[in-house]
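Worksheet for the structure shown next.
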Amino acid sequence: MGGGVGGGVGQDVADTRKRLTVTVNGRQCSLMVEPNRTLLEFLREDLGLTGAREACDTGGCGACTVLVDGRPVYSCLVLAVDCQGKDVLTIEGLAVDGRLHPLQQAFIDHGAVQCGFCTPGMILTAKALLDENPAPTDEEVREAIAGNICRCTGYVKIIEAIRAAGGTGKPACT
Amino acid sequence: MGRLSVVGTSLPRVDAWDKVTGRAEYAFDVELPDMLHVKVLRSAYAHARILSVDTSKAQGLPGVRAVITGADMPKDPPLEALRNELYAVPPFSLATDKARYTGEEIAAVAAEDELTAEEALQWIRVEYEPLPAVIDPEEAMKPGAPQIHDDAENNIQYENRTEFGDVEKGFAEADHVFEDRFSTQLVHPCTLERTVCIAAFDSSGYLTFYDNSIDPYKQSRYLPKLLGIEPSRLRIVQKAIGSNFGALQGNLTPYIMCALLAKKAGRPVKLVYTREEEFINAGPRHMGVCYLRTGVKNDGTVTARDIRLITNAGAYGYLGPAMMTSGFTPCAGLYRCPNVRFEGKCVYTNTAVTSPYRSFGIVPPAFAMESMMNIIAEELGMDPVALRLKNITRQGDVTVVGQEISSSGLPECIEKTVAHIGWKEKRGRLPPNRGVGMACGMFDSEVRNAPFAGSVAYVKLLEDGRVKVISGEFEWGQGSRTVLSQIAAEELGVPLESVLFSELDTAAVPYALGPYGGGPVTLRGGNAVRLAAVEARRQLFAVAAGMLSVGPDDLELKDQKVVVRDDPVRALSSAQVAHYAKFILAEEIIGRGHFEPDTVMRDPKTYYGNYSSGYTFTAQTVEVAVDPETGQVRILDFASAIDLGKAINPMAADGQNEGCVGQELGPILLESLAYDKQGRVVNPNLVDYRLPTALDVPPITSFLVESHEPHGPYGAKACGQVSNIPAAAALAGAIYDAVGVWIKDQPITPDKILRALAEKEKREHAPA
Ligand code: FES
Ligand code: FES
Chain D
9 MGGGVGGGVG QDVADTRKRL TVTVNGRQCS LMVEPNRTLL EFLREDLGLT
59 GAREACDTGG CGACTVLVDG RPVYSCLVLA VDCQGKDVLT IEGLAVDGRL
109 HPLQQAFIDH GAVQCGFCTP GMILTAKALL DENPAPTDEE VREAIAGNIC
159 RCTGYVKIIE AIRAAGGTGK PACT
Chain Z
77 MGRLSVVGTS LPRVDAWDKV TGRAEYAFDV ELPDMLHVKV LRSAYAHARI
127 LSVDTSKAQG LPGVRAVITG ADMPKDPPLE ALRNELYAVP PFSLATDKAR
177 YTGEEIAAVA AEDELTAEEA LQWIRVEYEP LPAVIDPEEA MKPGAPQIHD
227 DAENNIQYEN RTEFGDVEKG FAEADHVFED RFSTQLVHPC TLERTVCIAA
277 FDSSGYLTFY DNSIDPYKQS RYLPKLLGIE PSRLRIVQKA IGSNFGALQG
327 NLTPYIMCAL LAKKAGRPVK LVYTREEEFI NAGPRHMGVC YLRTGVKNDG
377 TVTARDIRLI TNAGAYGYLG PAMMTSGFTP CAGLYRCPNV RFEGKCVYTN
427 TAVTSPYRSF GIVPPAFAME SMMNIIAEEL GMDPVALRLK NITRQGDVTV
477 VGQEISSSGL PECIEKTVAH IGWKEKRGRL PPNRGVGMAC GMFDSEVRNA
527 PFAGSVAYVK LLEDGRVKVI SGEFEWGQGS RTVLSQIAAE ELGVPLESVL
577 FSELDTAAVP YALGPYGGGP VTLRGGNAVR LAAVEARRQL FAVAAGMLSV
627 GPDDLELKDQ KVVVRDDPVR ALSSAQVAHY AKFILAEEII GRGHFEPDTV
677 MRDPKTYYGN YSSGYTFTAQ TVEVAVDPET GQVRILDFAS AIDLGKAINP
727 MAADGQNEGC VGQELGPILL ESLAYDKQGR VVNPNLVDYR LPTALDVPPI
777 TSFLVESHEP HGPYGAKACG QVSNIPAAAA LAGAIYDAVG VWIKDQPITP
827 DKILRALAEK EKREHAPA
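Top line first, the protein sequences correspond to chains D and Z. So the working numbering is basically just the index in the first sequence, starting at one, shifted up by 8. So the working numbering is basically just the index in the second sequence, starting at one, shifted up by 76.
Structural data, given as structure tokens:
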């Protein structure tokens, strides 16, 4: 994780930054951030967590999705300072000790990844779904990921992977 | 060929782990020390004379390090020299005297951060003299339309007419002649990652670009000429790509801007397009208007086709002519009709420079031709499937435009998809407002559109037994590295995990043509990698033979060991042999493979020629429900079959098939890049420009048909860009079957269906 942020940098305007204490991927971070900094900028630029992707910056694609207190948000639309005291999960925090989360494994096994730009956001959205509803129907998966655009896959294998990770899908082909 | 163990298997992608963990590095993620950020000032008018550009105030802003305008462009770039190779030459520079579309580059700023760069743009004063603009290509051809380029009368960038057989005779032989107009709209490929260009000079003046463009080779070949740099002093490095479907293939302007700014500022610079810039500047798919006449006998034999295609070339008409050729020839070749006439016109309009977007130019004419086949079947009272089977080109044919069909599984594609949908039981027999439709398509599996059409690869056996593929073929997300790695793994008897792939660095890997018109990586690159791996295996055996004092022919490869066939206890691991070769013999085990297809370029005038060493076919059948009250179309089932010769990785091939269909449903049903009368894009964002979501894409059933192409590696052909070709016509046919109206103008929106239903109602109730 990139450190070295939050020191007093010489600036020609008054320092408007606020202290933000937030848990990111299980680790507590405490940094000074500008009040207008988005959660996406905070994650990518201040913490070096580039797994959250930016594709529109206006809430139109879902590539920047991360979980805040377990719920998917478009991090490009959320202010970092609004995450005070909250728990943020990014794609980098999903695998534990090098062991992939079942969703990550299912995305690999089912060929749900092509260019991969939508993948982190898609997996996190799916995680929130499965945490609440471990055996979603095809329709429920479609509704849950309707805010995440994928340009490559036609969603077919993504839906398959999510349902398989939830235990309701068919096994991966071999 | 023995039994295959890696090729033909649905193995996970080689880059999947990096992508699911968020570690994959895209150009967007690249940050260099001391890097500046670039913002571009774009024309506020669709058509205007530029009287002056004053950057002095912007230059003086704190944090601004360099500003460039058209005046900073290299003087007299050798555009003429490039013209032959690049079909048409956009300015590849900032506008100087005239802006020809809203969004054209006028000035660019490099500053310490994006906000400063953006603020600086507001201090640049441009004096414009607005001119009338024209957006529609048919309007642009009319006398009195605003003239966009001085040397293009009636705004015609390119026109051509070619005829095969005797079209008039063909029409005379016909029992029926059908005539219609079909059209498609401007749509945007909307890659998820936006255009990124990073330029950095090192202290010796060596220039490195990091990018996510479609074609680093074209860039690395032409940029030195345009920038006045020696070719060996420039390279392009490509990271993971957040998808690419063809937009702005070979656009050099971002590179030129970044190189000039980096030079002026003496620091690296990074340009990232905003989503709005993507829409207004980064190459939408051209719109096409197709006037089509088809002559047909009572038994369904097609006797003549007359095709008139008008496309908008945008403001600079970059690849328009190439897309004409590339779109027309497979449409002509799909059926056996010997009498075909084609007349094509690319027309300048005041819109963004149009660009290929999946299956290079074929969507407008294919929609027309396949829709008309369905209309003909209906009018003749024939089954559309029977009409296709009567007329389709077959394996062994040389088509009317010269394509040599060395393999075709099209009949099986048709059969599989109609069986899946239950065509026989359903066509014309479903309850009201439900219907089925089908259509076919053909595309090249690779293409010779330049004298160079080959591929070169190196395959190296490393001292730990791993294999490294060094190839210039690119990965845009479609899975090409996985497929090429599977081929190397197959030939060298290693598991896929043991294959490494070179980073794409134009200074370090062999030149490649890129996936032009047909996603030809599998066919061309696959052959080259296979030959390289076979050669590496030969070297491996030669070294092992020396170590074991046997002849190379006495050896075989088993479980990553080189084994003496008749005495299997005598064996060496490939790692041992490679280690010995490298550190004792001072020889690397490295095979070179070169593949050159036996093809010709299409004649530029007649378009005749066998330009691909294999052709991919597809058939699709679909079932829909149409709500006659709202005009909503619900796709109930979509079956898509591709004849890809041989599936090297069936799971990846299914992914291409499904993804291609899912993506094309956007242009067919939802999307339209809309310009207002002043020539501004009215929906340049992902909220107003509606891309298909998981709720819009129906279940898609993919079938892979293996016809074993003799020129392909293991019989493989391309599969990445054929499934979007028939989709619109298949859907239009299903909508007709459901509610009895033909929609001939894309996108097929509810309001068009309602309008057509109202007209039908009026006709049916009109007094006779
Ligand atoms: S980048 Fe946040 S929704 Fe697109
Ligand atoms: S895999 Fe490319 S956008 Fe989803």
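Just so you know, even glycine gets a beta-carbon here, dropped at the ideal spot from N, CA and C. These numbers were taken from a predicted model, which means no experiment stands behind them.
Check	Outcome
Would you check if the segment 575-584 of chain Z and the segment 690-699 of chain Z touch, i.e. whether three or more CB-CB distances between them fall below 8 Å?	no
Please confirm whether Z/V110 has its beta-carbon closer than 9 Å to some beta-carbon of chain D.	The sequence given here has Asp at residue 110 of chain Z, not Val. It does not: the Cβ of Z/D110 has no partner Cβ on chain D nearer than 9 Å.
Starting from Z/Q696, trace the alpha helix (DSSP H) both ways and give me its first and last residue.	Careful: Z/Q696 lies outside any alpha helix (DSSP H), inside the beta strand (DSSP E) at 691-702.
Using a Cβ-Cβ distance cut-off of 9 Å, determine whether Z/F254 contacts chain D.	no
Mind checking whether the beta-carbon of Z/S319 lies closer than 8 Å to any heavy atom of ligand 2?	yes
Would D/Y163 count as contacting chain Z if we go by Cβ distances under 9 Å?	yes
Report the three-state DSSP secondary structure of Z/L830 (helix, strand or coil).	helix
If you check the beta carbons only, do Z/V585 and Z/F671 fall under 9 Å apart?	no
May I ask you to verify whether the segment 264-271 of chain Z touches the segment 99-118 of chain Z, counting CB pairs closer than 8 Å and requiring at least 3?	yes
Does the separation of the CB atoms of D/L87 and D/D65 fall below 9 Å?	no
Would you mind stating whether Z/D382 and Z/R417 have Cβ atoms separated by less than 9 Å?	yes
For Z/E734, which residues in chain D fall below 9 Å Cβ to Cβ?	T161, G162, Y163, V164, K165
Just reading off the beta strand (DSSP E) that Z/Y534 is part of, what are its end residues?	531-537
Among the candidates Z/T172, Z/W93, Z/A216, whose CA atom is the shortest distance from the CA of Z/E205?	Z/T172
Using the C-alpha atoms, what's the distance from Z/L368 back to Z/G420?	12 Å
Classify Z/S716 as buried or exposed, calling it buried when 16 or more other Cβ atoms lie within 10 Å of its own Cβ.	buried
Give every residue of the same chain whose Cβ lies closer than 8 Å to the Cβ of Z/D764, excluding the five residues on either side of it in the sequence, and list them in chain order.	V758
Anything in the segment 304-335 of chain Z with a Cβ closer than 9 Å to a Cβ of chain D? List those residues in chain order, please.	A316, I317, G318, S319, N320, F321
Is the closest heavy atom of ligand 1 to the C-beta of D/T66 under 8 Å?	yes
If you count every other CB in all the chains shown that lies within 10 Å of the CB of Z/I660, and 16 or more means buried, which is it?	exposed
Could you name the residues of chain Z that D/D65 contacts, counting a contact when the two beta carbons are closer than 8 Å?	T350, R351
Is it buried or exposed, D/D54, if we count other Cβ atoms within 10 angstroms and call 16 or more buried?	buried
Check the DSSP bridge columns for Z/V263 and list the partner residues they point to.	Z/R361
Under 9 Å between C-beta atoms, does D/N156 make it to chain Z?	yes
Return yes when at least one heavy atom of ligand 1 lies under 8 Å from the C-beta of Z/R270, else no.	no
Rounded to whole angstroms, how far is the Cβ of Z/R613 from the Cβ of Z/L633, which I believe are closer than 8 Å?	7 Å
For the alpha helix (DSSP H) containing D/C123, list its first residue and its last residue.	Careful: D/C123 lies outside any alpha helix (DSSP H) and carries neither H nor E.
If you draw a straight line from the alpha carbon of Z/V313 to that of Z/G322, how long is it in whole angstroms?	18 Å
How should Z/D148 be labelled, buried or exposed, when 16 other C-beta atoms within 10 angstroms of its C-beta is the threshold for buried?	buried
Is there at least one Cβ from chain D nearer than 9 Å to Z/E101's Cβ?	yes
Hey, would you say Z/Q479 sits closer than 9 Å to Z/T493, going by beta carbons?	no
Quick check on Z/K218: buried or exposed, where buried means 16 or more other Cβ atoms within 10 Å of its Cβ?	exposed
Please list, in chain order, the chain Z residues whose beta carbon lies closer than 8 Å to that of D/D139.	Under the 8 Å cutoff, chain Z gives no residues; its nearest Cβ is about 18 Å from D/D139.
Looking at the C-beta of Z/K95, does it have a partner C-beta in chain D at a distance below 9 Å?	yes
Under 9 Å between C-beta atoms, does Z/V639 make it to chain D?	no
State the beta-bridge partners of Z/G371 as determined by DSSP.	Z/V253, Z/A380
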